[in-house]
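Residue numbers (the working numbering): 74 to 412. Heads up, the beta-carbon is just placed ideally off N, CA and C, and yes, glycines get one too. Shown next, in structure tokens, is the structure this report addresses.
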Ligand SMILES: Nc1nc2c(ncn2[C@@H]2O[C@H](COP(=O)(O)OP(=O)(O)OP(=O)(O)O)[C@@H](O)[C@H]2O)c(=O)[nH]1
Ligand SMILES: [Mg+2]
């Protein structure tokens, strides 16, 4: 990407052009060399969009719910972005093909931007790539960005870390409530939704969740996570969910929790990128030094603590970063900006 191309890409992103947004997100996925410039240029026009995280077990109806939410939001005339993150795949697309089908009703709407992103094996994974992608949507003028992640492994905890509000989707079926408690999701959901409420057992799941939330007594200001019922395929309960998301936002803004969360998020993001940069620099620039020290450790001539100390102080790429205690590293370039 030349300078000229990058500036026209930036212009197109700011205009909300869907292809430009897609290209910008590709640059993030590939950790392209122009990524730091892109993010620096976009930064002043970000901070406005609300980020909604939506997670839950496979097949619970996340994409169907998002499609319904998008429909309702579009009726209010707002621009919305959808980012479907697949934490298990190194490729975008593929497993998310089903989402495209469900989102098809919005495919021709210029005010709806939909993109899937793969994070496995990418710079810093979900914790670095997703916030960057969310910022692209933000700069593209989205009022709301919805990020979908299937709730497996650490993904739901990570998604909660990048969202202003996290919606946990459940459905009637084998021991959902108990699974929920085990995975520790009760602590990260701001709003709980029991989808497929047209099926038997939905009321039981609602009751179970309410009991567990009451037991958990989460002390998040005075917000008690509500449990809503939904039939996403029929659109039943969608406006109530949207209203609850708005209520959460109002309450969080009043209590100051909104800004606090955003600060925590920014801090984590800087930390993740810093660690990622250090990791890369250590592995690339110090390979010779590393070999020498590893041999010394193997042969009992040096202990591990001393080896690390040498790497951090004597030589190698980590030294200039750590000397002054604080440094901001730009990914993909040799440039180091001190703060
Ligand atoms: N009966 C019923 N089925 C639903 C409802 N919502 C979604 N489904 C169906 O559940 C299946 C999975 O829906 P998706 O929206 O793809 O679920 P998902 O959580 O996005 O799935 P993954 O992304 O693969 O984890 C589809 O066949 C939907 O039609 C609902 O409210 N009631
Ligand atoms: Mg889906």
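Item, Value
"Secondary structure of residue 380, DSSP reduced to three states", "helix"
"Ligand 2 heavy atom lying under 7 Å from the CB of residue 221", "yes"
"Where the beta strand (DSSP E) through residue 154 begins and ends", "153 to 159"
"Cβ-heavy atom distance, residue 136 to ligand 2, below 7 Å", "yes"
"Straight-line gap, residue 103 to residue 191 (C-alpha atoms, nearest Å)", "10 Å"
"Cβ-heavy atom distance, residue 246 to ligand 1, below 7 Å", "no"
"Terminal residues of the beta strand (DSSP E) in which residue 189 lies", "185 to 191"
"Sequence-distant residues of the same chain with beta carbon closer than 8 Å to residue 94, five excluded per side", "86, 154, 186, 188, 209, 210, 213"
"Terminal residues of the beta strand (DSSP E) in which residue 266 lies", "264 to 267"
"Selection from 334, 309, 277 that minimises the alpha carbon distance to residue 120", "334"
"Beta carbon of residue 289 nearer than 8 Å to that of residue 259", "yes"
"Residue 82, DSSP secondary structure in three states", "helix"
"Heavy atom of ligand 1 within 7 Å of residue 272 beta-carbon", "yes"
"Residue(s) in a DSSP beta bridge with residue 300", "265"
"Rounded straight-line distance, which links the Cα of residue 361 to that of residue 371", "15 Å"
"Exposure label - residue 217; buried when at least 16 CB within 10 Å", "buried"
"For residue 318 and residue 239, the rounded distance between their alpha carbons", "9 Å"
"Beta-carbon gap between residue 269 and residue 304 smaller than 8 Å", "yes"
"One or two residues paired with residue 309 in a DSSP bridge", "304"
"According to DSSP, residues forming a beta bridge with residue 219", "125, 155"
"Residues that residue 239 bridges to, as DSSP identifies them", "126"
"Residue 147 to residue 123 span [Cα, whole Å]", "15 Å"
"C-beta contact flag for residue 261 and residue 230 at 8 Å", "yes"
"CA-to-CA distance, residue 378 to residue 363, given in whole angstroms", "13 Å"
"CB contact flag (residue 96, residue 83, <8 Å)", "no"
"Coil, strand or helix - residue 375 by DSSP", "coil"
"Extent of the continuous alpha helix (DSSP H) run through residue 260", "Per DSSP, residue 260 belongs to no alpha helix (DSSP H) and is neither H nor E."
"Contact set for residue 279: own chain, Cβ-Cβ below 7 Å, skip 5 residues either direction", "267, 300, 302"
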